[in-house]
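K.L.:
Got a structure for you, questions after.
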Amino acid sequence: MNPLLSPFDTAPFSQIKNEHFKPAFLQSIEDTRAEIDAITENTDTPTFENTIEALEFAGQQLDRISSVFFNLNSAETNEEIQKIAQEISPLLSEFGNDITLNKALFKRVKAVYDQKENLDLTVEQHTLLDKKYKSFSRNGANLSEDKKKRLREIDAKLAKLKLTFGENVLAETNKYQLHLTNEADVEGLPEGEKEAAAQLAISKGKKDGWMITLDYPSYIPFMKYAKNRELRKKLSLAFGSKGFHNDELDNQENVLEIAKLRFERANLLGYKTHAHFVLEERMAETPEKVHEFLNELLDKAKPAAEREFMQLQEFAKKMDAIDRLEKWDGSYYSEKLKQELFNLDDEKLKPYFKLENVINGVFKVAEKLFDLQFKEVEDVDRYHNEVKTYKVFDANNNFISLFYADFHPRAGKRGGAWMTSFKSQWKRNGENVRPHISNVCNFTPSTKSKPSLLTFNEVTTLFHEFGHGLHGMLANTTYPSLSGTSVFWDFVELPSQVLENWCYEKEALELFAKHYETGETIPMELVEKIKESAMFQEGMQTLRQLSFGLLDMSWHGGDPTQISNVKKHEDEAFKNTNLYPETQETCMSTAFSHIFQGGYSSGYYSYKWAEVLDADAFAYFKEKGIFNKVVATKFKDHVLSQGGTENPMVLYKRFRGAEPKVEALLERAGLLK
6 MNPLLSPFDT
16 APFSQIKNEH
26 FKPAFLQSIE
36 DTRAEIDAIT
46 ENTDTPTFEN
56 TIEALEFAGQ
66 QLDRISSVFF
76 NLNSAETNEE
86 IQKIAQEISP
96 LLSEFGNDIT
106 LNKALFKRVK
116 AVYDQKENLD
126 LTVEQHTLLD
136 KKYKSFSRNG
146 ANLSEDKKKR
156 LREIDAKLAK
166 LKLTFGENVL
176 AETNKYQLHL
186 TNEADVEGLP
196 EGEKEAAAQL
206 AISKGKKDGW
216 MITLDYPSYI
226 PFMKYAKNRE
236 LRKKLSLAFG
246 SKGFHNDELD
256 NQENVLEIAK
266 LRFERANLLG
276 YKTHAHFVLE
286 ERMAETPEKV
296 HEFLNELLDK
306 AKPAAEREFM
316 QLQEFAKKMD
326 AIDRLEKWDG
336 SYYSEKLKQE
346 LFNLDDEKLK
356 PYFKLENVIN
366 GVFKVAEKLF
376 DLQFKEVEDV
386 DRYHNEVKTY
396 KVFDANNNFI
406 SLFYADFHPR
416 AGKRGGAWMT
426 SFKSQWKRNG
436 ENVRPHISNV
446 CNFTPSTKSK
456 PSLLTFNEVT
466 TLFHEFGHGL
476 HGMLANTTYP
486 SLSGTSVFWD
496 FVELPSQVLE
506 NWCYEKEALE
516 LFAKHYETGE
526 TIPMELVEKI
536 KESAMFQEGM
546 QTLRQLSFGL
556 LDMSWHGGDP
566 TQISNVKKHE
576 DEAFKNTNLY
586 PETQETCMST
596 AFSHIFQGGY
606 SSGYYSYKWA
616 EVLDADAFAY
626 FKEKGIFNKV
636 VATKFKDHVL
646 SQGGTENPMV
656 LYKRFRGAEP
666 KVEALLERAG
676 LLK
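Heads up: the sequence shown begins at 6 in our numbering, then just goes up one per residue.
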């Protein structure tokens with residue numbers, strides 16, 4: 006019996022074998038096809054219920070299987086799963102096209118859409134109708150047959166290329182190992198980091214020494230603390246050249262092909278560029294507005310960034326006679342300068358941020374804001390023994406959500422941190438079906454002598470992903486495709502980024518920042534130093550984020566057909582944001598998974614866009630009190646629970662009372678000068 010083909014609530018991970026996936030996909034595709042046929046063959050006049058709602062709830066088993074499979078391919082993959090993904094992705098792409106290019110289905114959808122002004126629909130139903138109609142009209146329903154054929158070919162190719170891109174990045178990350186046996190080579194590393202590196206070496210089959218890899222918990226501390234400049238250079242070049250070695254894992258051709266196919270697809274659908282296609286359904290609306298936004302911030306941030314870089318250069322010269330600051334020097338000297346200016350470094354903070362305490366802390370913040378209770382449970386099937394599972398309840402003990410948390414690096418897990426879901430939320434037949442939400446991160450693991458102690462950056466990452474998680478957990482909409490994080494992409498980062506603010510507040514830190522050995526609450530002087538240092542090198546950090554947004558737009562906001570050299574194109578995109586000398590051995594695009602594998606193509610600007618929203622939103626909390634129930638309830642009722650049921654600016658104004666102002670971000674970042 007295939008466990009994926011039986012109805013299931015929680016994902017039955019322990020029962021699933023790899024050989025179950027392909028048959029389950031094939032059967033579910035056929036089952037969904039039958040549901041679509043039932044809609045198109047219905048002889049009754051098309052109505053919202055028999056066409057739009059029927060389409061919305063078609064393919065639910067296929068959606069569940071897809072969520073299980075593709076989440077595993079990100080968090081617990083292997084060669085067999087990757088091979089299945091390469092086979093399945095084009096089939097799913099083809100099936101998606103079978104739906105959006107289905108003439109009979111589009112005819113029924115259009116019939117309902119054309120009479121929408123005469124229908125008695127709720128706001129959410131209006132949104133769903135618009136979304137369903139656009140899913141056809143924006144994806145080829147009106148094309149001629151030969152153009153539909155070409156669209157199918159492009160989508161199938163893109164599905165495979167994006168998977169290959171991600172597989173290559175993961176393989177490059179896993180492949181690189183820097184084994185050090187000389188004590189002098191790890192000089193500067195804090196004892197906890199040395200212990201972790203020694204433990205990693207043993208786990209990789211080495212009898213002695215220290216192992217450094219390209220996983221963040223290993224790579225970042227080495228770049229921040231290791232005194233040996235040549236080794237920092239070696240590691241930096243390895244990290245920056247993933248997918249850029251002209252070998253079997255090279256991503257240069259994949260980047261060029263993805264960009265060109267996206268452009269061709271957009272042209273085919275009547276759009277000038279891929280960015281024009283994407284941004285039509287975003288708050289920003291057009292590439293011109295994105296460029297205007299990025300350049301406005303660039304004008305404000307660049308002078309500050311140049312001043313900060315000059316300060317860093319002078320500091321490095323004074324400290325170590327460094328004449329030319331390179332990329333592999335940035336983290337090291339920034340950390341030293343930060344220690345000098347604020348007498349603050351991560352090693353002082355980490356003892357107060359034991360992982361379990363931070364998890365409890367973010368739960369307490371959610372309880373104080375939204376009346377949520379998190380209860381760890383052992384009876385939920387998990388895909389790896391490191392995964393923790395929680396049931397979430399409201400103040401009246403109503404079940405709200407299931408929450409999975411997966412925090413440490415593994416060979417089968419891609420880098421970074423993300424939120425995802427194994428089951429959406431929706432309402433049907435009088436039942437409010439609750440979601441299953443997951444946070445996946447790559448935090449510093451425990452060692453023999455110490456528990457998992459997080460850097461402050463990891464603390465903010467945990468809060469960030471949990472903010473996304475709350476957006477999913479508190480979803481309260483009728484339709485699954487409008488639920489939770491199913492919002493305009495440049496709105497999706499608001500809940501995550503706004504929650505990071507609590508990490509800097511004394512009232513919140515006192516809930517969980519307690520020394521792992523003594524139980525002492527974090528001293529006020531450290532809290533003050535965290536707040537003081539929050540704007541440290543903010544100009545440089547802003548410039549870095551803007552450079553990524555501009556690189557994204559350079560690939561997707563113009564005609565890429567004449568680009569033949571990935572590195573040359575990237576250098577041109579970065580020329581106005583570069584502070585450090587360029588390195589010919591490295592290339593960001595070949596490992597820029599956000600835009601070439603994930604969903605951020607033409608959307609990387611969203612992080613800065615959402616910072617404007619989050620700075621403005623948190624200013625409201627600060628004004629009324631960071632745990633003010635009235636403000637928190639408004640945020641829950643008008644933002645977190647509403648998903649994509651209305652235009653995000655309408656939802657935001659309902660919460661805040663006005664549109665956000667960019668000045669809130671500039672003021673917080675210290676860039677208003």
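For glycine and all other residues, C-beta sits at the position ideal for the given N, C-alpha and C. The structure presented is a predicted model; accordingly, all values stated were derived computationally and were not measured.
Identify every residue that forms a DSSP beta bridge with Leu514.
P.N.:
Start at 1 with the first residue of the sequence shown, and residue 514 comes out as number 509. The partner list for Leu514 (beta bridge, DSSP) is empty, contrary to what the question assumes.
K.L.:
In angstroms, rounded to a whole number, what distance separates the CA positions of Asn570 and Glu577?
P.N.:
As a position in the sequence shown, residue 570 is number 565, starting the count at 1. As a position in the sequence shown, residue 577 is number 572, starting the count at 1. Using only the alpha carbons, I get a separation of about 11 Å.
K.L.:
Could you check how far apart the C-beta atoms of Leu106 and Gly145 are, in whole angstroms? I think they sit under 8 Å.
P.N.:
Here residue 106 refers to the residue found at position 101 when the sequence shown is read from its first residue. Here residue 145 refers to the residue found at position 140 when the sequence shown is read from its first residue. About 6 Å; that satisfies the 8 Å criterion.
K.L.:
Enumerated in chain order, which unbroken segments of the alpha helix (DSSP H) with a length of 4 residues or greater are wholly contained in the stretch 345–402?
P.N.:
Whole alpha helix (DSSP H) segments, 4+ residues: 351–354, 360–375.
K.L.:
How about Leu670 and Ala310: are their beta carbons less than 8 Å apart?
P.N.:
If you number the sequence shown from 1, residue 670 lands on position 665. If you number the sequence shown from 1, residue 310 lands on position 305. Result no, Cβ atoms of Leu670 and Ala310 do not sit closer than 8 Å.
K.L.:
Got a sec, what are the start and stop residues for the alpha helix (DSSP H) His281 sits in?
P.N.:
Counting from one through the sequence shown, the residue named residue 281 turns up at place 276. From DSSP, the alpha helix (DSSP H) with His281 extends over 279–284.
K.L.:
What is the rounded straight-line gap between the Cα of Trp614 and the Cα of Leu97?
P.N.:
Walking along the sequence shown from the start, residue 614 turns up at place 609. Walking along the sequence shown from the start, residue 97 turns up at place 92. About 32 Å.
K.L.:
Are at least three pairs of beta-carbons, each pair with one atom in the stretch 519–532 and one in the stretch 545–563, less than 8 Å apart?
P.N.:
Touching, no.
K.L.:
Roughly how many angstroms lie between the CA atoms of Glu58 and Ile70, to the nearest whole one?
P.N.:
The sequence position of residue 58 within the sequence shown is 53, counting from 1. The sequence position of residue 70 within the sequence shown is 65, counting from 1. Cα to Cα, Glu58 sits roughly 21 Å from Ile70.
K.L.:
Per DSSP, Gln182 is paired with what?
P.N.:
Here residue 182 is taken as the residue at index 177 of the sequence shown, counted from 1. Bridge partners of Gln182: Thr218.
K.L.:
Going by alpha carbons, who is nearest to Asn259 out of Ser223, Tyr138, Lys165, Lys277?
P.N.:
Residue mapping note: residue 259 aligns to position 254 of the sequence shown, counting from 1. That would be Lys165, whose Cα lies nearest to the Cα of Asn259.
K.L.:
Leaving out the 5 sequence neighbours to the left and right, which residues in its chain are closer than 8 Å to Asn348 when beta-carbon positions are compared?
P.N.:
As a first step, residue 348 is located in the sequence shown; it is residue number 343 there, counting from the start. Excluding positions up to five away in sequence, the list reads Lys534.
K.L.:
Taking the straight line between their C-alpha atoms, what separation do you get for Lys359 and His520?
P.N.:
Taking the sequence shown and counting its residues from 1, the one referred to as residue 359 is at position 354. Taking the sequence shown and counting its residues from 1, the one referred to as residue 520 is at position 515. Going by the C-alpha atoms only, they are around 8 Å apart.
K.L.:
For the putative contact between Thr449 and Pro222, defined by C-beta atoms under 8 Å, what is the C-beta separation to the nearest angstrom?
P.N.:
Your numbering for residue 449 matches position 444 in the sequence shown. Your numbering for residue 222 matches position 217 in the sequence shown. That belief holds up - the Cβ atoms of Thr449 and Pro222 are roughly 4 Å apart, short of 8 Å.
K.L.:
From what residue to what residue does the alpha helix (DSSP H) around Glu543 run?
P.N.:
Within the sequence shown, the letter at position 538 stands for residue 543. Where Glu543 is concerned, the enclosing alpha helix (DSSP H) stretches over 543–561.
K.L.:
What separation, rounded to the nearest whole angstrom, lies between the Cα atoms of Glu85 and Ile568?
P.N.:
In the sequence shown, the residue the question calls residue 85 occupies position 80. In the sequence shown, the residue the question calls residue 568 occupies position 563. So the alpha carbons of these two residues sit roughly 34 Å apart.
K.L.:
Beta-carbon separation of Phe268 and Thr566 under 8 Å?
P.N.:
Translated into positions along the sequence shown, residue 268 becomes position 263. Translated into positions along the sequence shown, residue 566 becomes position 561. For Phe268 and Thr566, yes; Cβs fall inside 8 Å.
K.L.:
If we count the other Cβ atoms within 10 Å of its Cβ and call it buried at 16 or more, is Ser454 buried or exposed?
P.N.:
The count along the sequence shown starts at 1 and reaches residue 454 at position 449. Per the 10 Å Cβ criterion, exposed.
K.L.:
Quick one: using the 10 Å Cβ neighbour count with 16 as the cut-off for buried, is Arg329 buried or exposed?
P.N.:
For the purposes of this step, residue 329 is taken as residue 324 along the sequence shown, with counting starting at 1. By the neighbour-count rule (16 or more Cβ atoms within 10 Å), Arg329 is not buried but exposed.
K.L.:
Measuring CB to CB, does Phe18 end up less than 8 Å from Asp386?
P.N.:
The residue you call residue 18 lines up with position 13 of the sequence shown. The residue you call residue 386 lines up with position 381 of the sequence shown. Yes. Within cutoff.
K.L.:
Can at least three beta-carbon pairs, one atom from the stretch 397–407 and one from the stretch 550–561, be found at a separation below 8 Å?
P.N.:
With the cut-off at 8 Å, the stretch 397–407 and the stretch 550–561 do not touch.
K.L.:
Threshold first: 4 residues or longer. Then list the alpha helix (DSSP H) segments lying entirely within the stretch 80–131, N to C.
P.N.:
If we require 4 residues or more, the alpha helix (DSSP H) runs fully inside the stretch 80–131 come out as 84–105, 108–119.
K.L.:
Reducing DSSP to helix, strand and coil, say where Glu150 ends up.
P.N.:
Taking the sequence shown and counting its residues from 1, one reaches residue 150 at position 145. Looking at Glu150 - three-state DSSP - the assignment turns out to be helix.
K.L.:
Do Phe320 and Tyr337 have their C-beta atoms within less than 8 Å of each other?
P.N.:
In the sequence shown, the residue the question calls residue 320 occupies position 315. In the sequence shown, the residue the question calls residue 337 occupies position 332. Their beta carbons are not under 8 Å apart, which means Phe320 does not touch Tyr337 by this criterion.
K.L.:
Exposed or buried, which one is Leu31 when buried takes at least 16 other CB atoms within 10 Å?
P.N.:
For the purposes of this step, residue 31 is taken as residue 26 along the sequence shown, with counting starting at 1. Looking at its Cβ environment, which holds fewer than 16 other Cβ atoms inside 10 Å, Leu31 is exposed.
K.L.:
If I'm right that Lys4 touches Thr178 with Cβ under 8 Å, what's the distance once you round it to whole angstroms?
P.N.:
Past the edges of the chain, shown from 6 to 678, lies residue 4, and the structure says nothing about it.
K.L.:
Within the continuous alpha helix (DSSP H) that includes Asn462, where are the two ends?
P.N.:
Sequence index remark: in the sequence shown, residue 462 carries index 457 (1-based). 461–478 is the extent of the alpha helix (DSSP H) around Asn462.
K.L.:
Leaving aside the five residues before and after Lys679 along the sequence, list all residues of the same chain whose C-beta is less than 7 Å from its C-beta, in chain order.
P.N.:
Any property of residue 679 remains undetermined from this structure, which presents the chain solely from 6 to 678.
K.L.:
Which residues in the same chain have their Cβ closer than 8 Å to the Cβ of Val114, if we skip the five residues on either side of it in sequence?
P.N.:
In the sequence shown, counting from the first residue as 1, residue 114 sits at position 109. For Val114, where only same-chain residues beyond five positions count, the Cβ hits under 8 Å are Pro51, Thr56, Ile57, Leu60, Lys137, Tyr138, Phe141.
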